[in-house]
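Last residue of the sequence shown? That's 208 in our numbering, and every number before it is there in order.
Let me begin by presenting the structure, written as structure tokens, before commenting on it.
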Amino acid sequence: MQFGGTTMGHAMNRAARLVISIAATAGAVFLRSSAAPGEFALSPIFGVGIPPDYRHWELVGVAHETGLDELRGIVGNATAIEAYRAGTLPFPDGSILVKLAWKHVQSTEFEPAFVPGPATTVQVMVKDSKRYRSTGGWGFGRFIDGRPVDEAQHQTCFGCHAAGVKQHDFVFTRLAP
């Protein structure tokens, strides 16, 4: 029963590779199915997803847009935060900004206060000047309940940013003092 170079040895090697391959595939399927909704979902057009660790990023600022009845918090990865602090424009490749939005609801504990209610959207901007050359170097993703919105909505992202904040590398949010 020699295994090196024999038919039985080759069969055992093939069997071991098959078992490893099946285990790896099963592991990948498990990880994908156990992930939070939208974690692997990518936006149409840009292929941008929700970064898995964004809730640990630093706060860039907050926003309240008239008419939407939302509270918004914008966070950035380390690359974006360093650029904000240094006043670097354009933002360097690898910068990522995530805007979280919630319904604006009255606090039940303190009547004059408003607090975040149900989540409405997560919006993502990823800087990659080569990949997203036609959109100012930015890729966009807008997600509701962890799923990307349709292509038609994604087609409006850059136009809005270009019309409003081209001079600030297409980014609306400024670093809060």
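We treat Cβ as the ideally placed atom computed from N, Cα and C, and that holds for glycine.
- For E182, the secondary structure class from DSSP, reduced to helix, strand or coil, is helix.
- The C-alpha of L102 is placed about 12 Å away from the C-alpha of Q137.
- Straight across, the Cα-Cα distance linking A207 with G170 is about 23 Å.
- Secondary structure of E113 (DSSP, three-state): helix.
- Two segments are said to touch when three or more pairs of C-beta atoms, one from each, lie closer than 8 Å; by this definition the segment 82 to 97 does not touch the segment 174 to 190.
- In this structure F122 is buried. Its beta-carbon is surrounded by 16 or more other beta-carbon atoms within 10 angstroms.
- Approximately 10 Å separates the beta-carbon atoms of K130 and T151; this is outside 8 Å, ruling out the contact.
- Secondary structure at R205: coil, using DSSP grouped into helix, strand and coil.
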